[in-house]
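Asker: Numbering (the working numbering), first residue to last: 18 to 552. We treat Cβ as the ideally placed atom computed from N, Cα and C, and that holds for glycine. Every value quoted in this text rests on a predicted model; they were computed, and no experiment measured them. Once you've had a glance at the structure underneath, I'll fire off some questions.
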Amino acid sequence: MKNIISTTAIAAIELDEIQGNLFGGFSKDFQTFIFFSVIDPEKAKKFLADIVLPDVEASSSAHVLAFNHQFKALKQSGCPEGIIKATWTNIAFTHRGLNALKLPSAQLDAFSKPLRDGMRARATTIGDTETSAPKNWYKHYKTDYDSIHAIIIVAADSVTDLHTRVARYSPPSDSGIRILFQQEGRTRVDNRGHEHFGFKDGVSQPGVRGIDNPDDVVANPNQGHPGQDLLWPGEFVIGYPTQIPKAATKPDGKPVDGPNPTPGPLSGPAGAGWMKNGAYLVFRRLHQDVNGFNRFLAHTAAQYGLTPDLFGAKLVGRYKSGAPLEKLAFQSEASTQSPSDPGLATVALAENDGLNNNFEYGDDDKGRIVPFSSHIRKAYPRNEDPSALNGGPPNPSEESETQTHRLLRRGIPFGVSLGGKKSADDPLGNPDEEDGSPDGQRGLLFLAYQSDLERQFEFVQSQWVNDADFPLKDAGKDPIMSQDPKSDMMITGCPFHAKPPQAKCPVPISRFVTTTGGDYFFAPSLSFLQQILGT
């Protein structure tokens, strides 16, 4: 099982051992997440080994990456979508589930504390409080939480293929497992690739050494696409080199610009070789108040003399098209702060991988273009130097440190778009999510893979997103992803104010995204999965 993408940069990545949603990514329009409980461990192992395991093995990162490369090549050649299709399956377990399957205590104890605790117990750490508190979570996510032992992820190109695969996993009475509930994820039919607030999702993903090749191997060997730093695979999967959080130095002792390219220690606990090629998965159901957000956008933009397009870009850091608000090398500051979405007129600003991430924040150290609290600046501060921003000495290691907190995101929307209707041939299984009214359930299913829950997802949530003093004092919390019920963001010196520019313009933000469920899972390697199931 060693199907490998060749690389001279690192030791071979065992892609046939790694589940496919991790490095390949299930880029499918139709997905179902099946949550189940283990009732009888021996019967459950047999059912999973006989029915589910073959599909998981056929959905390794090797298979998914090969399909994605072929799909992209066919699309670039002008072939319509649907020429090739695939249905993928992955599986991941909560710590409760691994315990229910009778893993040895030594193995159970080797997992990280967040996995052992579960997401519900970490609510205060990650900011799931007040209306986002677990006691307020949505239906089964609240009532069945203690019984969630595993999640089966199914993704397909058509709803028919999805339903056919999901039907395979309907367990007979003697299977040893009980399906608790299913969560459907669907790409928006009215705005494909965009989440329910209307912004293009998943634009900025880290590159992975050994998988993503540099566009310019001579001038930028440590970047995939321009602005996309290549990171060591151990940041996302256990058993491989990780990023070093300190800046590399030149022979003259001066720091090297950009993240440290030297491989660091292997990820994962020492002596737990059975965890190699596995990863931690974060799953969160995030409800979006789309009607409230739209009304807030229009009303508040007018108050500050901005268009809704530009004000929305100030909140997120990108226009809805995906075009970055931060200026690129060939743009002036004024041209980036366009009243209308520039990605609609110049599609390359939103779609071209050489443009849409090729920016830093070093030239915007006053937050004039992208506010310090804007979503993408909070969630991924790039070359931001908080020490220097707060009047301290520059920290040349800050950019290297930042890269140790990245995530591989694999989200998909859920629910019918505001004002829309569900497809007649696609029952979503939950009437609330089939309702296009303002009260209907819609939002984002947030999935993220990493090798360290504390250092990555929990750090981003607690130290960046929810910290009003990051990257500098009184910057404000993330106006999109913070679970604070009310906070302020700062817009600094925007040239489109109706009034003369202010030094700081506090904008009161209400909560429009609410956590309504989730948990931490471990996605094992295929070899360890076979061990768990006794095959």
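List the whole-angstrom C-beta distance separating P356 from D326, where the pair is believed to meet the contact cut-off of C-beta under 8 Å.
Answerer: Correct: roughly 6 Å between the Cβ atoms.
Asker: According to DSSP, simplified to helix, strand and coil, what is R226?
Answerer: Three-state result, R226: coil.
Asker: I need the straight-line Cα distance from F376 to V273, nearest angstrom please.
Answerer: Approximately 18 Å between the Cα atoms of the pair.
Asker: Based on the DSSP secondary-structure assignment, which residues constitute the bridge partners of K217?
Answerer: K217 is bridged to H211.
Asker: Among S434, Y257, Q473, G446, which residue has its Cα nearest to the Cα of S454?
Answerer: Here the closest residue by C-alpha is S434.
Asker: Checking the sheet assignment: what are the DSSP bridge partners for K503?
Answerer: DSSP, once it has assigned bridges, lists S527 as partnering K503.
Asker: Taking the CB atoms as reference points, tell me whether P525 and D495 lie closer together than 7 Å.
Answerer: Their beta carbons are not under 7 Å apart, which means P525 does not touch D495 by this criterion.
Asker: By the three-class DSSP mapping on this structure, what secondary structure does G42 have?
Answerer: Coil, per DSSP.
Asker: For the candidate residues E471, G535, F529, M292, whose alpha-carbon lies nearest to that of S544?
Answerer: With distances taken between Cα atoms, S544 lies closest to M292.
Asker: How is Y537 classed by DSSP in three states: helix, strand or coil?
Answerer: Strand at Y537.
Asker: Quick one: what's got a C-beta closer than 7 Å to T142's C-beta in the same chain, skipping five residues either side?
Answerer: E475, S479, listed in sequence order.
Asker: Give me the DSSP bridge partner(s) of W105.
Answerer: Paired residues: A172.
Asker: Excluding sequence positions up to five away, which residues of its chain have a Cβ less than 7 Å from the Cβ of R133?
Answerer: Within the same chain, R133 has close Cβ partners H112.
Asker: Buried or exposed for F347, please, with buried defined as at least 16 other CB atoms from any protein chain shown within 10 angstroms of its CB.
Answerer: With fewer than 16 other Cβ atoms within 10 Å, it is exposed.
Asker: Put Q260 into one of helix, strand or coil per three-state DSSP.
Answerer: DSSP places Q260 in coil when its eight states are reduced to three.
Asker: Could you tell me if T160 is buried or exposed, where buried requires 16 or more neighbouring beta carbons within 10 angstroms of its beta carbon?
Answerer: So T160 counts as exposed.
Asker: Locate the beta strand (DSSP E) running through S78, then write down its first and last residues.
Answerer: Here S78 belongs to no beta strand (DSSP E); instead the alpha helix (DSSP H) covers 78-93.
Asker: Name the DSSP bridge partner or partners of S54?
Answerer: Beta-bridge pairing links S54 to R195.
Asker: Rounded to the nearest angstrom, what separates I30 and D469 at their Cα positions?
Answerer: Answer to the nearest angstrom: the Cα atoms are 18 Å apart.
Asker: Can you name, in chain order, every residue of its own chain whose Cβ lies under 7 Å from the Cβ of P189, other than the five neighbours on each side?
Answerer: For P189, where only same-chain residues beyond five positions count, there are no Cβ hits under 7 Å.
Asker: Please check the pair S338 and L314, which I expect to be a contact at CB under 8 Å, by giving their CB distance rounded to whole angstroms.
Answerer: The pair is not a contact, with the Cβ atoms about 16 Å apart (cut-off 8 Å).
Asker: So what does H304 bridge to, in DSSP terms?
Answerer: According to DSSP, H304 bridges with G460, T531.
Asker: What residue does the beta strand (DSSP E) around F7 start on, and which one ends it?
Answerer: Missing from the structure shown is residue 7; the chain here goes from 18 to 552 and no further.
Asker: Within 8 Å, do at least three Cβ pairs link the stretch 205-221 to the stretch 421-434?
Answerer: Because the criterion of three Cβ pairs below 8 Å is met, the stretch 421-434 and the stretch 205-221 touch.
Asker: Look at the alpha carbon of G334 and the alpha carbon of P359, and state the distance between them as a whole number of angstroms.
Answerer: Roughly 13 Å separates the two Cα atoms.
Asker: Which residue marks the beginning of the alpha helix (DSSP H) containing F545, and which one marks its end?
Answerer: Unbroken alpha helix (DSSP H) run through F545: 543-549.
Asker: Tell me the rounded alpha-carbon separation between L39 and F539.
Answerer: Taking the straight line joining both Cα atoms gives about 12 Å.
Asker: DSSP on A29, reduced to helix/strand/coil?
Answerer: Coil.
Asker: According to DSSP, is G453 helix, strand or coil?
Answerer: It is coil, neither helix nor strand.
Asker: With a cut-off of 8 Å on the beta carbons, I'd call A90 and D174 a contact; round off their distance for me.
Answerer: Rounded, the Cβ-Cβ distance is 17 Å, inconsistent with contact.
Asker: Looking only at C-alpha atoms, which of V299, P410, T419 sits nearest to L248?
Answerer: Answer by Cα proximity: T419.
Asker: Mapping the DSSP letters down to three states, classify Y158 as helix, strand or coil.
Answerer: Y158: helix per DSSP, three-state reduction.
Asker: Identify, in the order they occur along the chain, each residue of the same chain with its Cβ nearer than 6 Å to the Cβ of A365, setting aside the five sequence neighbours on each side.
Answerer: Hits under 6 Å: L372.
Asker: Have a look at E368 and P388 and give me their C-alpha separation to the nearest angstrom.
Answerer: In a straight line, the C-alpha of E368 is about 23 Å away from that of P388.
Asker: Answer yes or no: do Q200 and V530 have a C-beta to C-beta separation smaller than 7 Å?
Answerer: For Q200 and V530, no; Cβs fall outside 7 Å.
Asker: Could you tell me the alpha carbon to alpha carbon distance between V482 and K62, rounded to whole angstroms?
Answerer: Their Cα atoms are separated by approximately 39 Å.
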